[in-house]
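Protein chains: 2
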Amino acid sequence: MDIGVVGLGLIGGSLLRRAHAAGFRVSGFDADAATREAARQAGYEVADALAGLADARLLVLAVPLPALATVLPELSGYGGLLTDVTSVKEPVTRLVARHCPSVRFVAGHPMAGKETSGFAAADADLFEGRVWVACLDEDTDLDDWLRLAETACALGARVVPATVAEHDTAAARISHVPHVLAAALSLLAADPLSRALGAGSFADGTRVAQSSPELAAAMCAGNAGPVAAELRRLVEELAEAGNRLGDHDAFRDWYAGARELRVDWPPEPGDVRRLPVTTEDLLSLGRAGGWVTEVDRGTRSVMVRQPQVSVA
Amino acid sequence: MDIGVVGLGLIGGSLLRRAHAAGFRVSGFDADAATREAARQAGYEVADALAGLADARLLVLAVPLPALATVLPELSGYGGLLTDVTSVKEPVTRLVARHCPSVRFVAGHPMAGKETSGFAAADADLFEGRVWVACLDEDTDLDDWLRLAETACALGARVVPATVAEHDTAAARISHVPHVLAAALSLLAADPLSRALGAGSFADGTRVAQSSPELAAAMCAGNAGPVAAELRRLVEELAEAGNRLGDHDAFRDWYAGARELRVDWPPEPGDVRRLPVTTEDLLSLGRAGGWVTEVDRGTRSVMVRQPQVSVA
Numbered sequence: 001m002d003i004g005v006v007g008l009g010l011i012g013g014s015l016l017r018r019a020h021a022a023g024f025r026v027s028g029f030d031a032d033a034a035t036r037e038a039a040r041q042a043g044y045e046v047a048d049a050l051a052g053l054a055d056a057r058l059l060v061l062a063v064p065l066p067a068l069a070t071v072l073p074e075l076s077g078y079g080g081l082l083t084d085v086t087s088v089k090e091p092v093t094r095l096v097a098r099h100c101p102s103v104r105f106v107a108g109h110p111m112a113g114k115e116t117s118g119f120a121a122a123d124a125d126l127f128e129g130r131v132w133v134a135c136l137d138e139d140t141d142l143d144d145w146l147r148l149a150e151t152a153c154a155l156g157a158r159v160v161p162a163t164v165a166e167h168d169t170a171a172a173r174i175s176h177v178p179h180v181l182a183a184a185l186s187l188l189a190a191d192p193l194s195r196a197l198g199a200g201s202f203a204d205g206t207r208v209a210q211s212s213p214e215l216a217a218a219m220c221a222g223n224a225g226p227v228a229a230e231l232r233r234l235v236e237e238l239a240e241a242g243n244r245l246g247d248h249d250a251f252r253d254w255y256a257g258a259r260e261l262r263v264d265w266p267p268e269p270g271d272v273r274r275l276p277v278t279t280e281d282l283l284s285l286g287r288a289g290g291w292v293t294e295v296d297r298g299t300r301s302v303m304v305r306q307p308q309v310s311v312a
Numbered sequence: 001m002d003i004g005v006v007g008l009g010l011i012g013g014s015l016l017r018r019a020h021a022a023g024f025r026v027s028g029f030d031a032d033a034a035t036r037e038a039a040r041q042a043g044y045e046v047a048d049a050l051a052g053l054a055d056a057r058l059l060v061l062a063v064p065l066p067a068l069a070t071v072l073p074e075l076s077g078y079g080g081l082l083t084d085v086t087s088v089k090e091p092v093t094r095l096v097a098r099h100c101p102s103v104r105f106v107a108g109h110p111m112a113g114k115e116t117s118g119f120a121a122a123d124a125d126l127f128e129g130r131v132w133v134a135c136l137d138e139d140t141d142l143d144d145w146l147r148l149a150e151t152a153c154a155l156g157a158r159v160v161p162a163t164v165a166e167h168d169t170a171a172a173r174i175s176h177v178p179h180v181l182a183a184a185l186s187l188l189a190a191d192p193l194s195r196a197l198g199a200g201s202f203a204d205g206t207r208v209a210q211s212s213p214e215l216a217a218a219m220c221a222g223n224a225g226p227v228a229a230e231l232r233r234l235v236e237e238l239a240e241a242g243n244r245l246g247d248h249d250a251f252r253d254w255y256a257g258a259r260e261l262r263v264d265w266p267p268e269p270g271d272v273r274r275l276p277v278t279t280e281d282l283l284s285l286g287r288a289g290g291w292v293t294e295v296d297r298g299t300r301s302v303m304v305r306q307p308q309v310s311v312a
């Protein structure tokens, strides 16, 4: 078997569908019997136990963080390459090191989601053109990394190399802190008059506060260190803005800097080029906002794109 | 003339169109000759000078805050009812008191906008179902207030009564602070890796940072006191969230309170009822999140709606 998928919710189910459509031999498993049945009814191969996926060359853990502590002890003898799709990487890496110290592992995070969840919401196009972070640290085997990257590229994703720490900091900035802010804004405008006056900026600024509190806590409390550090940076930025409120031009200039960044996002991709890879090259690519579009494991080279630098 | 509109940008132009369509005798003026010409070409009556609107029973100032200081001195002898559409009410009220102390004035703010601006973007449906705050303070004449409310209702808006101070605080909570946060988030995630990873929550949380820096400064620096106070409240809320990051359940409970508020927004309107009005009744209505849908100046009564209270 090429790929085994553990957990057939939104991400795992989408992975099962996309990998099957891409021609991989793929099988799934879910702890919930009804979910297994739904996936079988949809025409996919589903194992009745985790052990049924033991011969997969790549095993993807698509279960929530709390479930990893249950699943990982059963995988200590697994002989293939293990990866995951969890939204915080440091705790996962720690759990794998504890429960599966001899298993080959590359942490991953497809930056894809929807408001909906479960196998019924799974969508084969979920990863198309989206970022899939594949973590690369000093102790990561580059061949293992290339194998995961190759698979994620084949599923339509842009593969971004980053260390576990870099991922967790970036995720705090672009996802976890925004969730905290959306919740804080909802609480700030809790009085009926404010709620009556709320329009576009309130609607958008609070949208993700509708997320499941369990999921938000898994992300934010699960990434407590980086989230706390980024909240401190944000509060400093708010203090800077607050200090400028008394001076129209000073506030306008602060805002203009932010506007320029936002108007330029997402940046236009530059041309495709070939990169003979080392760990250092790949991490430099990720730090420059670039991604891998294709992997050639034979020559140990990758096709990559970087954002165009806007000319001021 | 029933209504005169000074400034034919997005809001003023929309007002001209809607008031004309609603059967009011309406005329406009804009300092810019090309804008006057465009409005005339579109079939509207346009004066060549501000003085041409002197006989309007209701004169609406739809110019930016900095332009008010130029326009108001010319209106000190105006005999009708004056209102405005500016997004911060305290500075406007102060300017009117200084330049037009004997003119009848009720401050207003239609909570409607678009990404676009100018007469070309004007839209007769802009106010349909949207909130139009009509300010009501101790020194506001209730008959004047009812006349403005009647007109705003006739243009399709929900008229919300609020004091100038209540308006400015609520606007800080639901519009000005969200603009500051969107800008701060853009600056927080300025590194290329974070920008590459940004997805839905970053996109939504930063959307309004694309606003014009001039406009953002007019709103935020123009409402410096309330915005600073609300930023302080927000930072306290972020500290509360930060303190709970170390404890999954404590963070989840904090988030769940915010989620409940957001999922319940905007609240469902309750039944229409008639309210014989006093200043106190109207302000209580606004504080409860309610609005006026119809005005009967003869009986000094209004038809009103309030949000349904959700049953826990």
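Line order of the protein sequences matches chains P and X. Per UniProt numbering, the very first residue in the first sequence carries number 1; after that it's consecutive. Per UniProt numbering, the very first residue in the second sequence carries number 1; after that it's consecutive. Backbone N, C-alpha and C define an ideal beta-carbon position, used for all residues, glycine too. Because the structure is a prediction, the values reported are computed rather than measured.
Since residue i sits in a beta bridge, which residues does DSSP pair it with?
i	result
R305 of chain X	X:W291
I174 of chain X	None, per the DSSP bridge assignment.
L234 of chain P	For L234 of chain P, which the question treats as bridged, DSSP gives no partner whatsoever.
A224 of chain P	A224 of chain P is not bridged to any residue.
G242 of chain P	DSSP lists no partner for G242 of chain P.
G4 of chain X	X:S27 and X:L59
A162 of chain P	P:C135
D296 of chain P	P:S301
Check each candidate in the options and name the one with the smallest Cα separation from residue i.
i	options	result
P276 of chain P	P:A42, P:L261, P:V295 and P:G270	P:V295
W145 of chain P	P:A112, P:A107, P:A69 and P:G129	P:A107
S194 of chain P	X:A199, X:A154, X:W265 and X:A120	X:W265
V103 of chain X	X:E237, X:G77 and X:S211	X:G77
T70 of chain P	P:A38, P:G7, P:A209 and P:G80	P:G7
E128 of chain X	X:H109, X:L142 and X:A152	X:A152
L142 of chain X	X:V272, X:L81 and X:C220	X:L81
W132 of chain X	X:R297, X:S301, X:T293 and X:V309	X:T293
L245 of chain X	P:E230, P:L136, P:L238 and P:G200	P:E230
G9 of chain P	P:A121, P:G23, P:V46 and P:K89	P:A121
A19 of chain X	X:V227, X:A49 and X:G4	X:G4
D281 of chain X	X:E138, X:F105, X:D30 and X:E237	X:E138
D191 of chain X	P:L187, P:P192, P:D191 and P:I174	P:I174
L136 of chain P	P:V309, P:W254, P:T299 and P:T279	P:T279
P91 of chain X	X:P73, X:L68 and X:E74	X:L68
A22 of chain P	P:C220, P:A154, P:R147 and P:S211	P:A154
L15 of chain P	P:N243, P:G113 and P:L188	P:G113
A97 of chain X	X:T169, X:T140 and X:L58	X:T140
A31 of chain X	X:L50, X:G43, X:F24 and X:R40	X:L50
V272 of chain P	P:A258, P:A250 and P:Q308	P:Q308
D48 of chain P	P:V60, P:A42 and P:A34	P:A34
H109 of chain P	P:A170, P:T116 and P:C100	P:A170
E74 of chain X	X:L95, X:G222, X:R147 and X:A196	X:L95
Which residues in the same chain have their Cβ closer than 6 Å to the Cβ of residue i, if we skip the five residues on either side of it in sequence?
i	result
Q306 of chain P	G270, A288 and G290
I11 of chain P	A62 and V85
A38 of chain P	F119
G286 of chain P	V160, P161 and A162
F105 of chain P	L82 and V96
C100 of chain P	L72, L75 and S76
Taking 7 Å as the limit between beta carbons, can you name the residues of its chain near residue i, skipping five residues before and five after?
i	result
R274 of chain P	S301 and M303
A183 of chain X	A209
V46 of chain X	S27, G28, F29, R36, A39 and R40
A24 of chain X	The amino acid at residue 24 of chain X is misidentified as Ala; the sequence shows Phe. Result list for F24 of chain X: D2 and I3, in chain order.
A189 of chain X	R195, G198 and F202
D55 of chain X	M1
Residues in the same chain with beta-carbon distance under 8 Å from residue i, minus the five sequence neighbours each way, listed in chain order, please.
i	result
G205 of chain X	L181, A182 and L185
C220 of chain P	H176, H179, V180 and V227
Nearer than 7 Å: is that true of the beta carbon of residue i relative to any heavy atom of the ligand FMN?
i	result
A152 of chain X	Here there are no bound small molecules, and the ligand FMN is not part of this structure.
Would you list, in sequence order, the uninterrupted alpha helix (DSSP H) runs of no fewer than 4 residues that lie entirely inside the stretch 6-85 of chain P?
-> Contiguous alpha helix (DSSP H) elements confined to the stretch 6-85 of chain P occur at 10-21, 33-41 and 65-71, taking only those with 4 or more residues.
Could you say if the stretch 166-183 of chain P and the stretch 205-225 of chain P meet the contact criterion of at least three C-beta pairs nearer than 8 Å?
-> The stretch 166-183 of chain P, when compared against the stretch 205-225 of chain P, does touch it at the 8 Å Cβ threshold.
Jot down the residue ranges of each uninterrupted alpha helix (DSSP H) in the stretch 88-160 of chain X, minimum 4 residues, whole runs only, in chain order.
-> With a minimum length of 4 residues, the continuous alpha helix (DSSP H) runs that stay inside the stretch 88-160 of chain X are 89-99 and 142-154.
In the stretch 120-153 of chain X, which residues sit with their C-beta less than 9 Å from some C-beta in chain C, listed in chain order?
-> Among the chains of the structure shown, chain C does not appear; the protein chains present are P and X.
Check whether the stretch 186-202 of chain P touches the stretch 152-167 of chain P, taking contact to mean three or more Cβ pairs, one atom from each stretch, closer than 8 Å.
-> The stretch 186-202 of chain P vs the stretch 152-167 of chain P: no contact.
Please go through the stretch 245-281 of chain X and give each complete beta strand (DSSP E) segment of 3 or more residues, from N-terminal end onward.
-> The stretch 245-281 of chain X contains these whole beta strand (DSSP E) runs: 273-276.
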